[in-house]
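Inspection log for the structure reproduced underneath, given as structure tokens.
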Amino acid sequence: MGEGWSNSPTRKLVSQPARLFSSVMMGVTHMLLCGLFILPLRIILFMIVLLVSWLVAAIATCCCPERNEKPFNGWRRKVTQSLISTLGRLLFFSMGFHVRVEGKPASPADAPILLVAPHSSFFDAIAVIVSGMPSSVSREENISVPLFGRILRALQPVLVSRADPDSRKNTIDEIKKRATSGDWPQVLIFPEGTCTNHTCLISFKPGAFHPGVAVQPILLKYPNTLDTVTWTWQGYTVEKLLLLTLCQIWTNVTVEFLPVYVPSEDEKKDPFLYAHNVRHTMAQALGLPVTDHTYEDCRLMMTAGELTLPMETGLVEFTKISKKLNLKWDNIRKQLEIFASIAGSCKGGRIGIEEFARHLKLPVSDVLQELFSLFDRNKDGTIDFREYVIGMAILCNPANTEETIKMAFKLFDVDEDESITEVEFSSLLQSSLGVPDLDVSKLFRDMDADNSGKISYEEFRNFSLNHPEYAKLFTTYLEHQRYYVYMLEKEEEEDCVMFQSAANIICPIDNEEEKITISDKKED
Numbered sequence: 001m002g003e004g005w006s007n008s009p010t011r012k013l014v015s016q017p018a019r020l021f022s023s024v025m026m027g028v029t030h031m032l033l034c035g036l037f038i039l040p041l042r043i044i045l046f047m048i049v050l051l052v053s054w055l056v057a058a059i060a061t062c063c064c065p066e067r068n069e070k071p072f073n074g075w076r077r078k079v080t081q082s083l084i085s086t087l088g089r090l091l092f093f094s095m096g097f098h099v100r101v102e103g104k105p106a107s108p109a110d111a112p113i114l115l116v117a118p119h120s121s122f123f124d125a126i127a128v129i130v131s132g133m134p135s136s137v138s139r140e141e142n143i144s145v146p147l148f149g150r151i152l153r154a155l156q157p158v159l160v161s162r163a164d165p166d167s168r169k170n171t172i173d174e175i176k177k178r179a180t181s182g183d184w185p186q187v188l189i190f191p192e193g194t195c196t197n198h199t200c201l202i203s204f205k206p207g208a209f210h211p212g213v214a215v216q217p218i219l220l221k222y223p224n225t226l227d228t229v230t231w232t233w234q235g236y237t238v239e240k241l242l243l244l245t246l247c248q249i250w251t252n253v254t255v256e257f258l259p260v261y262v263p264s265e266d267e268k269k270d271p272f273l274y275a276h277n278v279r280h281t282m283a284q285a286l287g288l289p290v291t292d293h294t295y296e297d298c299r300l301m302m303t304a305g306e307l308t309l310p311m312e313t314g315l316v317e318f319t320k321i322s323k324k325l326n327l328k329w330d331n332i333r334k335q336l337e338i339f340a341s342i343a344g345s346c347k348g349g350r351i352g353i354e355e356f357a358r359h360l361k362l363p364v365s366d367v368l369q370e371l372f373s374l375f376d377r378n379k380d381g382t383i384d385f386r387e388y389v390i391g392m393a394i395l396c397n398p399a400n401t402e403e404t405i406k407m408a409f410k411l412f413d414v415d416e417d418e419s420i421t422e423v424e425f426s427s428l429l430q431s432s433l434g435v436p437d438l439d440v441s442k443l444f445r446d447m448d449a450d451n452s453g454k455i456s457y458e459e460f461r462n463f464s465l466n467h468p469e470y471a472k473l474f475t476t477y478l479e480h481q482r483y484y485v486y487m488l489e490k491e492e493e494e495d496c497v498m499f500q501s502a503a504n505i506i507c508p509i510d511n512e513e514e515k516i517t518i519s520d521k522k523e524d
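Under UniProt numbering, the first residue of the sequence shown is numbered 1, with each subsequent residue one higher.
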């Protein structure tokens, strides 16, 4: 029995948590010992190498502007490629990194662009050193970081300014110029555009794929028992991660160079297709899933937090939705603010039928229930932000046409005097929603912009354009009315058929006698 237990699957399952706990405790013990004895030495060595690197970078970039129009040549390029590269390796060695390189880096002629993923840490800069010190794409603010900023300048990065509205276009143009010139060093890009927890690959930004040139994918892996390198939003700060990493005996990192990916003609014409296929290739090599989330989802999450919503509310797979529905960042950001005003009082950041009715200033009715169910795509009784965005784009905005607005205005304008009174407004809503004691005074006041006691067509139109959900509510009501009329007509037809059938049964007509009678009349 004892032998059977030791080899059983249950025994293995029970022992796994124990082994994991033992490994974690051993890792913590090692960190404490390293913190006492190795950490001081590493900090001293790190600072010495960093200062020397800064000095060499300062010499290499002296008398050069921050944004160079031409690549470094001669001694400047040699200093960057050889001396700073060696110092970079020493810098990571001083932090206890053990770097394993798999595959072979491609030449600039074979692959002008290098793509690194997954991007999970500021330690990912090791890919730049292993790749031969190519240029990179970096935020303009990073140039101003003490010590590191000067080293970054030595790489002649493509700088991105978030304050410049044309920055995205300028960055793509600069990448194209460098990738096709043949004079510049390779450009290394992290196509995800932000750090993740390296459990999947998020959407690749298309900027690296616009030139339509061959690329070399580079995979980064950190096969360690304790993860002290992952730098994600709401995770450890840079200082804590650096301290934890320095307290490790060593930190393993694997840099794997995949074969050069040469785009097809279709991929050259479509950078999104090119990005999708390269991501698929890298995900397969990593054994990781892919997701359509992007950096914009992170921005929406931060906005959701500012609006006192749960931060996961902003996760809508921005790239997929914006591409399919042709929505821009500003549109979705504005819709998130409206969504927050509706769902602010709800738990979980979702809209229920009561909140939906309160937002429209209408009671819960059959028509409103039907509109709500059109938004509620997964039929869980609530509307999340993703469903709200899709509903507004697919259901409400197409219904909110000039023709629909004019038709609605004519229905409300009973006396045809080119204005709607509160009596006209309430009577139609009461009958359409089936609520005889409906109070619509608040909604009427919102539409009556000049407080004249009447709603003009311009006021009605402006309100409808700013609140497209009412257009879908109106068209839903019209569909109900058309269906109701259709069913009435169908019932009348069925009643006529039944009446004729009953009449034939009670008073049957002899066809032969009818023919004879008609014939006699003709003879007469």
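All residues carry an ideal CB built from backbone N, CA and C; glycine is no exception.
Exposed is the label assigned to Asp166, since fewer than 16 other Cβ atoms lie within 10 Å of its Cβ.
The beta strand (DSSP E) runs lying completely inside the region 47–117 and spanning 3 residues or more are 97–102 and 113–117, given in chain order. For the options Thr196, Phe356 and Arg178, the alpha carbon positioned closest to that of Val116 is the one of Thr196. Going by C-alpha positions, Ser441 is about 7 Å away from Glu422. The beta carbon of Phe204 sits closer than 6 Å to those of Pro191, Ala275 and Arg279, all from its chain and outside the five residues before and after it, given in chain order. Counting the other CB atoms within 10 Å of its CB gives Asp384 a total of 16 or more, which places it among the buried residues.
In this structure, DSSP gives Thr308 a state outside helix and strand, which the three-state scheme calls coil. Counting along the chain, Asn466 sits inside the alpha helix (DSSP H) bounded by residues Tyr457 to Asn466.
With a cutoff of 9 Å on beta-carbon distance, Gly88 and Ile129 are scored as near each other. The C-alpha of Leu360 is placed about 15 Å away from the C-alpha of Gly391. Sequence-distant Cβ neighbours of Val364 in its own chain, meaning closer than 8 Å and more than five residues away, are Ile353, Glu354 and Ala357. For Ile420, the enclosing beta strand (DSSP E) stretches over residues Ser419 to Thr421. As the crow flies, the alpha-carbon of Leu90 is around 34 Å from that of Pro211.
Put simply, of Gln234, Thr251 and Lys176 the residue whose alpha carbon is nearest the alpha carbon of Met311 is Gln234.
With respect to the 9 Å criterion, Phe97 and Trp329 are not classified as neighbours on the basis of their beta carbons.
Between Leu147 and Ser136, the C-beta gap is not smaller than 9 Å, which leaves the two residues out of contact. Every alpha helix (DSSP H) of 4 residues or more that sits fully in the UniProt domain "EF-hand" (363–398) is shown, in chain order, as 366–375 and 385–391. If you check the CB distance, Val229 and Arg100 do not come in under 9 Å. Counting C-beta atoms within 10 angstroms of its own C-beta, Met133 has 16 or more neighbours from the protein chains shown and is therefore classed as buried. Between the region 281–294 and the region 207–227, the count of Cβ pairs shorter than 8 Å is three or higher; the stretches touch. For Val137, there is no enclosing alpha helix (DSSP H); the enclosing beta strand (DSSP E) has its first and last residue at Ser135 to Arg139. In the pairwise beta carbon analysis, the region 294–307 is classified as touching the region 333–344: at least three pairs are separated by under 8 Å. Unbroken beta strand (DSSP E) runs of no fewer than 3 residues, entirely contained in the region 183–257, are found at 187–189, 215–221 and 251–257, following chain order.
Of the other Cβ atoms in all chains shown, fewer than 16 fall within 10 Å of the Cβ of Phe37; this residue is therefore exposed. Per DSSP, Leu159 is not a residue of any alpha helix (DSSP H); the beta strand (DSSP E) it occupies stretches across Val158 to Val160.
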